[in-house]
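Novice: Before I ask anything, let me first share the structure, which is written out below as structure tokens.
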Amino acid sequence: MLDDLDRRILRHLQPQPGIGTAALSEAAGTTPAVCSRRIARMRDRGILKGQEAVIDWHRLGYSVQVSLRFTLDKTQTNAFDIFIREARKVPEVLEIQTFLGGVDLRLAIIARDMAHYQHLYRSRILTLPHIADIEALVHVARIKDAEALPL
Amino acid sequence: MIELDETDRQILRALRTDASLSAGEIGRRLGLSQPAAWRRIRRLTENGVIAGRRLVLDREALGFGVTVFLGVKLATKGRVSLDEFERAAAAIPEVQTIEHVLGLYDYRLRVVARDLADFERILRRRIMTLPGAGNVEANVMLSEERLVGPL
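Structure below.
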């Protein structure tokens, strides 16, 4: 299990994953040697899985982001698996989530502009298998996006 | 808008899955010298294409067993400013992301909780009491995958 020191380390590492061990250990109130050991241990246990770069798609010319929420035709066996397998092949899909509730599945999709979105929607999304219903939420602004855990 | 060449795309693909890779390692993979890889990474960071890094943590191991996506409709648009809702929602530690959207809902929130009982407490005490909050729809996440995107 994690103790207070592990949590303190994660709490300081989370908002600035690029921080060096010296600064991190000082912030967490320990020595660099202990800090490195704790990080290695959390990595071995799979608690700390790694780091990923966050890409600003706006800068690359993708100005439209849409959340597409799907209800699938569950009378089809393996509808989820087949749908997800096909959705993965669409390069503009950034996230795939499945849910328990009114919505079965969500795709986060980006497009260069509305014309591009409309093209993707018709040629790549509506053609996905076993769709019963689709709702779209068009992103206007991101108010909070750190996706941090309240450690 | 920033144009990328094939080498930039390969660098972004590599950092998207592991942002802790050094310039030397990336250079070796792509057949670039360490300084050439470093210059490209610095350029991608300076022009904002790489917006930052995100720590990938095992939520369940850290005690957050439940992730819920909420669609929130404002009940009193106009009377209560959007700013007020956004400020109050952003201050809730369990709220990981807030997106202002167009469609069935006004806001999309991603919320983490220890378990369903904890989620219910957050929903009743913190979300339903947000200024202007009206209809709230909740979908409990079962699985999630992130893809590299159109690189």
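Chains A and B supply the protein sequences, listed in that same order.
Numbering-wise, the first sequence is residues 0 to 150 according to numbering that gives the first Met the number 0.
Numbering-wise, the second sequence is residues 0 to 150 according to numbering that gives the first Met the number 0.
Backbone N, C-alpha and C define an ideal beta-carbon position, used for all residues, glycine too.
For Arg128 (chain B), count neighbouring C-beta atoms within 10 Å of its own C-beta (all shown protein chains included) and say buried if the count is 16 or more, exposed if not.
Specialist: Residue identity differs from the one stated: residue 128 (chain B) is Thr in this sequence, not Arg. Classification for Thr128 (chain B): exposed.
Novice: Using 8 Å as the threshold, is the segment 142-150 of chain A in touch with the segment 1-12 of chain B, meaning 3 or more CB pairs across them?
Specialist: no
Novice: Three Cβ pairs or more, each shorter than 8 Å: is that satisfied between the segment 64-71 of chain A and the segment 99-107 of chain A?
Specialist: Flag = yes, the segment 64-71 of chain A and the segment 99-107 of chain A touch.
Novice: What does DSSP give as the partner residue(s) for Gln96 (chain A) in the beta ladder?
Specialist: A:Arg105 and B:Glu143
Novice: Would you kindly work out how many angstroms separate the C-alpha atoms of Gly26 (chain B) and Glu91 (chain A), rounded to a whole number?
Specialist: 27 Å
Novice: Output, in chain order, the set of chain B residues within a Cβ distance shorter than 9 Å of Pro31 (chain A).
Specialist: By Cβ distance, chain B contributes nothing, its closest Cβ being about 17 Å from Pro31 (chain A), past 9 Å.
Novice: Please decide whether Gly19 (chain A) counts as near chain B, where near means a Cβ-Cβ distance under 7 Å.
Specialist: no
Novice: If contact is defined by three or more beta carbon pairs under 8 Å, each pair taking one atom from either stretch, is the segment 116-133 of chain B in contact with the segment 66-73 of chain B?
Specialist: yes
Novice: Which same chain residues end up closer than 6 Å to Ala18 (chain B) when comparing Cβ atoms and leaving out the 5 residues on each side of it in sequence?
Specialist: Counting only Cβ-Cβ distances below 6 Å, and skipping sequence neighbours, we find Arg52.
Novice: Report the rounded CA-to-CA distance for Lys73 (chain A) versus Phe79 (chain A), giving the unit in angstroms.
Specialist: 8 Å
Novice: For His129 (chain A), which of helix, strand or coil comes out of DSSP?
Specialist: coil
Novice: Looking at the structure shown, is Ser24 (chain A) part of a helix, part of a strand, or coil, going by DSSP?
Specialist: DSSP places Ser24 (chain A) in helix when its eight states are reduced to three.
Novice: Look at the alpha carbon of Gly30 (chain B) and the alpha carbon of Pro31 (chain A), and state the distance between them as a whole number of angstroms.
Specialist: Approximately 34 Å between the Cα atoms of the pair.
Novice: According to DSSP, simplified to helix, strand and coil, what is Phe63 (chain B)?
Specialist: coil
Novice: Which word fits Asp57 (chain B), buried or exposed, when buried means at least 16 other C-beta atoms lie within 10 angstroms of its C-beta?
Specialist: exposed
Novice: Give the range of the alpha helix (DSSP H) segment to which Arg113 (chain B) is assigned.
Specialist: Premise fails: Arg113 (chain B) is in no alpha helix (DSSP H) and is neither H nor E.
Novice: Classify Leu103 (chain B) as buried or exposed, calling it buried when 16 or more other Cβ atoms lie within 10 Å of its own Cβ.
Specialist: exposed
Novice: Keeping to the same chain, check which residues put their C-beta closer than 6 Å to that of Gln33 (chain B); ignore five residues upstream and five downstream.
Specialist: Ala22, Gly23 and Gly26
Novice: For the segment 12-46 of chain B, which residues have a CB atom closer than 8 Å to at least one CB atom of chain A, in sequence order?
Specialist: Leu14, Arg15, Thr16, Asp17, Ala18, Ser19 and Asn46
Novice: Where DSSP assigns a beta bridge to Tyr106 (chain B), which residues make up the other side?
Specialist: B:Val71 and B:His99
Novice: I'd like the span of the beta strand (DSSP E) that includes Gly49 (chain A), first residue to last.
Specialist: Leu47 to Ile54
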